[in-house]
Structure formats: structure tokens, C-alpha cells
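S.K.: Sending over a structure as C-alpha cells; questions will come in a sec.
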Amino acid sequence: MQFRKDINGLRAIAIISVMLFHFNSSWMPGGFAGVDVFFVISGFLMTGIIFRGFDKNNFSIVTFYVARANRIIPALAVLCIVLLIFGWFYLTAYDYKALGKHAASSITFVSNIVYWREAGYFSASSLEKWLLHTWSLSTEWQFYILYPLVLVTLKKFISVKSIKALLVAVTLLGFLFCILVSYQWRTPAYYLFPSRAWEMMVGGLAYLYPLNINNNKSKKSLELIGIALIIVSYFLLSKQNFWPGYLASIPVTGAFLIIQAQRNDSFITGNIIFQYLGKWSYSIYLWHWPVVVAIHYFALSHTFIYAGILLSVLLGFLSYYFIERVKLTSQLKTTKDYLRFKPGYMVFSLAIVGLVVIANNGFLSRYSNDLRQINQNAITAISDWQYPDPNLKIGDNHIRFIKGTSDKNILFIGASHIEQTYPYVASFGSEYNIYYDTAEGCFVSPSFVNPKWSCLNIQNYQALFDEVKFDKIVTSFYGFDGYLSDSEIIKNQQIQKRISEYNTFLKFVKNKSQEVFVILGEPKGPEFDPKMSTRRNLKRFITKQQAKENYTLHYTALEQIPEAADVVKIDPIDFLCDDVCQVMDSNFNYYYKDANHMRPWYAKKHLSYLDPIIE
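See below:
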């Protein structure tokens, strides 16, 4: 196919948006949609390769796979090697172990599945994952594997014309499926192939059904509409939107129209800067994200963002000229050809290296005795959590129920800071029947919205009291300040709204029970987080005064809640700290799993302030 300068320029438009979003999302809030533009381009090019092969009756699936491997794997493999070498010297054991896992999954093109199982793309932890961006390569590769297989199989039974018509229907169904799952299962919808395939197939339709426009003015209009749609998605959408969903049709349609305009003489896509950026776009994409993570990981100042953008382009240029342009064999006809297939060795070798890094816990042997023990304990602590699945359903509320020896009942209601009391309460052996009604990252105020999942499990608290009579209510005030707006005006309005709603909540539960207990915030901060502690060699304590200052807003707000005046308030800081709040014991065992959640063993040992409630 003749070289398409417009498509090359479209790559530049995509990579610029992705870079700007990753380096500073406020510059281009919807810049992540550049990946969707890349998917359309990929689908167009792959469909062209396959159907031109069909037209000539010489399409080979093996040759297709080899060409894709030659294009994608070498530059990706070099990136993984560089990061693994870099990580040996600069990453903690936990982070190096995670890098080994991610390198192995990236080079074998299953990283989208791995990241789906770990956390959402827009979560804070994403900035700790050096190869997070390879999820899109894995999604594309899965498309490359299945798409030609399906088309070749169909060609044996139906005509090419029928295949084209069928692809239109499948693309539409794929789009409808994407809308459904984006609202039901947000994280898997973002990462996984089934909800993304339609975007690549839209690119395929651009190849199969080209618009034959001879009027240059009409071509310009089509191109401008396409560019406008992409720009709208870049600036008017944000990570708060459900994605991909129906909104993904905006940048996808924009890319489709630009491809259909076929303007090889366009100044917008054909200018020399966009042509170079488009040419280097794959390598820039590979290298820019590790630069973003490095700025975050080493807590570099904001000014490094500008140097990081320039460094990403430079590394992309070097990767293109010294790696991407290397010619590799594209025909595997004999055994010797297969033995000379270098990308295969790269995949196998890096997968093994990644597994070895995992098996050796990030190579703890790199450290001296005390440091080795601290890193080992950090790895153990980070995943240490004890809260079982619900075993009871009351109405629409999912409950963890602990059977007591009497007919008296206690309700623990709140977010994860109520959940962390479970190990102590479960081991206590109270005569009370204990009901845990919780929702992680939530607050009981109805106006509180967690953008990632529903909080109705605790906000629909009234329904519980229709079914069960509770003698005591235990709740938390920790999440009061969660997900507040950056705007001071809106933030103050949210605070006042939550104060009013929490007052309503307390009034309701006080009328429905004999006693109400409000647990305030536990000591928190990066010093308690095993990951941050080992990365930055932080202090092993904070002062009690510091711990209290972290909750200034909470203390102030609580004073403004009339119904809180006569409830029992428990401040864990007074029980867990002397003059200072320690983050680990003398054997370097961390008390917390992260910056603000206790480990089960620590909870069982130190939450005696719950005794007056449950004994």
C-alpha cells in the first residue's frame, strides 16, 4: 500500500495526546483517548494487509505473525532489558519483583490481563508500574492473533463480500457490548480485548469501505470534522468518564474520518514535525511512560516534566533508528529460518528472566542483613489483609456476619477503616452477633461519590434496621474528606453537605440503638506504607502531634455536628501512640499494609479500645 502521510500524522496526533496526559493530565484531560486513535490506525493497516493477501490469494498467517513480531517485539524487548538492569540498582525488592512480573507479562502480551487483575488504569498505583502502558500492545497483539484466524476460517465458507458485510455487523455488536461492560465492569472493560476490538474493526471498515471523494474541498471538510472530534475528546473528556463506553466513539469516529479523507497533502497531518513524530511514535510510546514513572518514583520536581517530554522524544528517536529499522527475517520456510527467528528468543529469554526475578522476591540478596529483612517484611506486609467475603445478605446489603452466643446485635458500618477491625472482633469471641456492613473507599453520606464503584452498600443503611434490631452501632469518621473537589468553593459546599448528612445519619442510628460509637482516624502517612518506607528510607515513626494534625479537618467538622455531641468518640491515636507513633517493631515488622490500613496481626494485638463495645 502507498505510504499514507495522513495516517503517519494521525499517529503524531495520538502520541502527543498520550504523552501530555501522562506527564500532566490537566494539560489534556482526555489525552488517554490517543490510544483509541492508535487502535483505529492498527485495525486499518492490519485489515489492509489481510485483504490484499486475500485479493492475491497469497495471504499467510505465519508471515503475518512474523511481520507483527518483527515490528513490535525488538523495541519492547530492549525497553524491558533496560528497565530490568536499571531496577537492579535502583528499585526496592518489592518494586523489582513487580517489574519482573510485568516484564514477563508484557513480552508475552498478556499484561492487559495482569493489570486488570491488579488495579484500574487511573488509580494512584498506576504510577508505580513501569510497563503499565504495554496493556495496549497486549490488546493489539491479541487482536492480531485472532483477527486473521477468524477471517481465514470464514473465507473457506463464505465470500469476501459476505465477510465484509459480516464485519460491519460484528463491529456494531462490539460497540454495543463495549457500552454495556464499561458501565458494569469498568476496569476489565478498559483493559481487555473484547471491549476494545470494535475500535480496531472500525479502522478495518475504513479500509474495506473507503469513501471515494474526488472533491478536495469535501476531503478537507471531512478531515477537519475528524480532527475536531479528536480534539473535543482530548479536552472535554477526562478520567472521570466511564471508558471506553459510548464516548469512545468520538475519537474513534474522528480517526475514521481522517483516514477516509485520504489527504496526503494536508498541512495538519503532513507537516514535517508530525511526520517525524509519527515515524517515531511507537518508540516514543514505549519510552515515555517509564520516564513518567521515574519522575513520580523518585519524587522529582514538577520542572522535570518538561525535560521528561524531551527525553521521551529523544529516546523514541534513538529506538526507532537503532532498533526498529533493523531488518529481520520475515519468511519462516525452513527449520533454519525458525532457529534464526530473533524475536522468539527475546520473548522466551525475557519471560524466563521475569519469572526468576519473581521467584527470588526481587533478589533480596542484593541487600545487607537489616535492609534485606526490612525489604522482605515489606513484601509480606503489602498484601497482608484479612476480611472475608460476605456471608449474609439483608435486602440489597452484603454483610459479613459473626455469630455470637446471645440475641444481642452490634452493627459495624463504614469503609475499610471499619473492615480493619474485623480480625480483632472475630478473634474476641463476643457474645454479641456482629454485623459488618462496609464499602471500601466510601462514606455513609449519600452525597459522597466514589468514582470507581458504588457506595450504596453503606449509604442504604436504613434498610438494615427494618430487618435487625441493633443494640450498638460502631462507625468511622475516617472517609469524611474523601474525593473532595479541587475547587475551594465546591469543596466547602461538599463539606457542609456531608456534615449535614452525617448528622442525619447519627440522629437515625441513635434512635434505633442504645449506644453509638464513632471511631476517628488512625495514625497515617507515607512512613507507615511499606512501599514508600523502603523506597525513600523514611523515618520509622511520626510524632503524636503530626498524627493529630493529619485529621484537623475531621476534628473541626465533628465539632459542627450537633448529634455527635453525645455519642462515644474513640480516637485510636490516643491508644496507639505515646509521644510518637511507631511504624514497625524492633524486628522490622511493619504495622500497616499501606499508608493507613493496619495488618491483621497488629489489629489483633492493639485494638483493645474496642473491648468496651464488644465485651
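Residue 504 in the UniProt record's numbering sits at position 504 of the sequence shown; the count goes up by one each step and never skips. Glycine included, C-beta positions come from ideal geometry on N, C-alpha and C.
In the DSSP assignment, what are the bridge partners of L392?
M.R.: Here residue 392 is taken as the residue at index 392 of the sequence shown, counted from 1. In DSSP, L392 forms a bridge with I399.
S.K.: With a CB to CB cut of under 7 Å and the five nearest residues on each side skipped, what residues in its chain are close to V252?
M.R.: Your numbering for residue 252 matches position 252 in the sequence shown. If we look at V252 and ignore the five residues flanking it on each side, its Cβ neighbours are D36, V40, E199, V202.
S.K.: I'd like to check one pair, L257 with E223: are the Cβ atoms closer than 9 Å?
M.R.: Translated into the one-based positions of the sequence shown, residue 223 becomes position 223. Translated into the one-based positions of the sequence shown, residue 257 becomes position 257. Against a cut-off of 9 Å, the Cβ pair of L257 and E223 comes out as a contact.
S.K.: For T329, which option in S26, F32, F517, P74 has the closest C-alpha, if you only look at C-alpha atoms?
M.R.: Start at 1 with the first residue of the sequence shown, and residue 329 comes out as number 329. The residue with the shortest Cα to Cα distance from T329 is P74.
S.K.: Give the DSSP-derived three-state secondary structure of S430 in the structure shown.
M.R.: As a first step, residue 430 must be located in the sequence shown, where it is residue number 430. In this structure, S430 counts as coil in the three-state DSSP scheme.
S.K.: Hey, how far is the Cα of Y435 from the Cα of L392?
M.R.: Numbered from 1 along the sequence shown, position 435 holds the residue referred to as residue 435. Numbered from 1 along the sequence shown, position 392 holds the residue referred to as residue 392. Their Cα atoms are separated by approximately 9 Å.
S.K.: Mind checking A169: buried by the 16 CB within 10 Å criterion, or exposed?
M.R.: For the purposes of this step, residue 169 is taken as the residue at position 169 of the sequence shown. A169 is exposed by the Cβ-count criterion.
S.K.: For V181 and chain C, any beta-carbon pair shorter than 9 Å?
M.R.: In the displayed structure, chain C is absent; only one protein chain is listed.
S.K.: Report back the beta-carbon spacing between Y234 and A12 to the nearest angstrom; my notes put them in contact at under 8 Å.
M.R.: In the sequence shown, the residue the question calls residue 234 occupies position 234. In the sequence shown, the residue the question calls residue 12 occupies position 12. Going by Cβ atoms, the distance from Y234 to A12 rounds to 13 Å, so no, they are not a contact pair.
S.K.: Is the Cβ-Cβ distance between W130 and G87 less than 9 Å?
M.R.: For the purposes of this step, residue 130 is taken as the residue at position 130 of the sequence shown. For the purposes of this step, residue 87 is taken as the residue at position 87 of the sequence shown. Yes, the Cβ-Cβ distance between W130 and G87 is below 9 Å.
S.K.: In this structure, how does DSSP classify T92 when only helix, strand and coil are distinguished?
M.R.: What you label residue 92 is simply residue 92 of the sequence shown in a count that begins at 1. The answer is coil: DSSP assigns T92 none of H, G, I, E or B.
S.K.: What residue from Q496, L83, R4, N450 has the CA that sits closest to L553's CA?
M.R.: Here residue 553 is taken as the residue at index 553 of the sequence shown, counted from 1. Measuring from the Cα of L553, the nearest candidate turns out to be Q496.
S.K.: Give me the DSSP bridge partner(s) of D437.
M.R.: On the sequence shown, residue 437 is found 437 positions in, with the first residue counted as 1. In DSSP, D437 forms a bridge with I399, I413.
S.K.: Looking at the secondary structure, which residues open and close the alpha helix (DSSP H) in which F143 lies?
M.R.: To locate residue 143, count along the sequence shown from 1; it is residue 143. From DSSP, the alpha helix (DSSP H) with F143 extends over 135–155.
S.K.: Grab me the residues of Y602's own chain with a C-beta within less than 8 Å of its C-beta, minus the 5 sequence neighbours each way, in chain order.
M.R.: Here residue 602 refers to the residue found at position 602 when the sequence shown is read from its first residue. Same-chain partners within the cutoff: Y591, Y592.
S.K.: Helix, strand or coil: how does DSSP classify V568 here?
M.R.: Here residue 568 corresponds to residue number 568 of the sequence shown, with the count starting at 1. Strand, per DSSP.
S.K.: Could you pull out every residue in the same chain whose Cβ sits closer than 6 Å to the Cβ of P423, ignoring the five residues on either side in sequence?
M.R.: Here residue 423 is taken as the residue at index 423 of the sequence shown, counted from 1. For P423, where only same-chain residues beyond five positions count, the Cβ hits under 6 Å are Q386, P600, A603, K604.
S.K.: Within its chain, find whatever has a CB closer than 7 Å to the CB of M28; leave out the 5 residues flanking it on each side and keep chain order.
M.R.: Counted from its first residue, the sequence shown places residue 28 at position 28. For M28, where only same-chain residues beyond five positions count, the Cβ hits under 7 Å are S17, L20, F21, Y234, F235.
S.K.: Confirm, please, whether the CB-CB distance from L456 to D396 is below 9 Å.
M.R.: Start at 1 with the first residue of the sequence shown, and residue 396 comes out as number 396. Start at 1 with the first residue of the sequence shown, and residue 456 comes out as number 456. Yes, these two residues count as a Cβ contact at 9 Å.
S.K.: Provide the residue(s) that pair with C581 in DSSP beta bridges, ordered along the chain.
M.R.: Counting from one through the sequence shown, the residue named residue 581 turns up at place 581. I542, per the DSSP bridge assignment.
S.K.: Would you be able to state if there are at least three C-beta pairs under 8 Å between the stretch 571–581 and the stretch 399–406?
M.R.: Judged by Cβ distances under 8 Å, the stretch 399–406 makes no contact with the stretch 571–581, as fewer than three pairs qualify.
S.K.: Is the beta carbon of F193 less than 9 Å from the beta carbon of F157?
M.R.: Within the sequence shown, numbered from 1, the residue matching residue 193 stands at position 193. Within the sequence shown, numbered from 1, the residue matching residue 157 stands at position 157. Not closer than 9 Å, so no.
S.K.: Mind checking L520: buried by the 16 CB within 10 Å criterion, or exposed?
M.R.: Along the sequence shown, one-based indexing puts residue 520 at 520. The residue in question, L520, is buried, as its Cβ has 16 or more Cβ neighbours within 10 Å.
S.K.: Considering only DSSP beta bridges, list what K217 is partnered with.
M.R.: Along the sequence shown, one-based indexing puts residue 217 at 217. Per DSSP, none; premise fails for K217.
S.K.: Excluding the 5 residues preceding and the 5 following Y94 in the sequence, name in chain order all residues of the same chain whose CB lies nearer than 8 Å to its CB.
M.R.: Start at 1 with the first residue of the sequence shown, and residue 94 comes out as number 94. Closer than 8 Å at the Cβ level, and outside the excluded window around Y94, lie G362, N375, A378, I379, I382, P530, K531, T534.
S.K.: Are the beta-carbon atoms belonging to A125 and A119 less than 9 Å from one another?
M.R.: As a position in the sequence shown, residue 125 is number 125, starting the count at 1. As a position in the sequence shown, residue 119 is number 119, starting the count at 1. Residue identity check: residue 125 is Ser in the sequence provided, not Ala. Yes. Within cutoff.
S.K.: To test your reading of the DSSP string, which unbroken alpha helix (DSSP H) runs of 4 or more residues are found completely within the stretch 163–221?
M.R.: 186–191, 197–208, all fully within the stretch 163–221.
S.K.: Within the chosen definition, does the stretch 209–218 reach the stretch 176–186 through at least 3 CB pairs nearer than 8 Å?
M.R.: Flag = no, the stretch 209–218 and the stretch 176–186 do not touch.
S.K.: Using only alpha-carbon positions, find the residue among K327, L10, I72 that is nearest to F44.
M.R.: Sequence index remark: in the sequence shown, residue 44 carries index 44 (1-based). Comparing Cα positions, the closest option is L10.
S.K.: Give a yes or no on whether the C-beta atoms belonging to G525 and A439 are separated by under 9 Å.
M.R.: Counting from 1 along the sequence shown, the entry for residue 525 is found at position 525. Counting from 1 along the sequence shown, the entry for residue 439 is found at position 439. The answer is no: Cβ separation not under 9 Å.
S.K.: May I ask you to report which of helix, strand or coil DSSP gives M598?
M.R.: Position 598 of the sequence shown, counting from 1, holds the residue named residue 598. Three-state result, M598: strand.
S.K.: Where does the unbroken alpha helix (DSSP H) through residue 638 begin, and where does it stop?
M.R.: In the structure as shown, the chain starts at 1 and stops at 615, and residue 638 therefore has no counterpart that could be examined.
S.K.: Alpha carbon to alpha carbon, how far is N433 from I394?
M.R.: To locate residue 433, count along the sequence shown from 1; it is residue 433. To locate residue 394, count along the sequence shown from 1; it is residue 394. When rounded, the distance between both Cα atoms is 15 Å.
S.K.: In whole angstroms, give me the CA-to-CA distance for I570 and Q494.
M.R.: If you number the sequence shown from 1, residue 570 lands on position 570. If you number the sequence shown from 1, residue 494 lands on position 494. Straight-line Cα distance between these residues: approximately 25 Å.
S.K.: Helix, strand or coil for Y591 per DSSP?
M.R.: Sequence index remark: in the sequence shown, residue 591 carries index 591 (1-based). Three-state DSSP puts Y591 in coil, outside helix and strand.
S.K.: Alpha carbon to alpha carbon, how far is V444 from F477?
M.R.: The residue given as residue 444 occupies position 444 in the sequence shown. The residue given as residue 477 occupies position 477 in the sequence shown. Cα-Cα distance, rounded: 9 Å.
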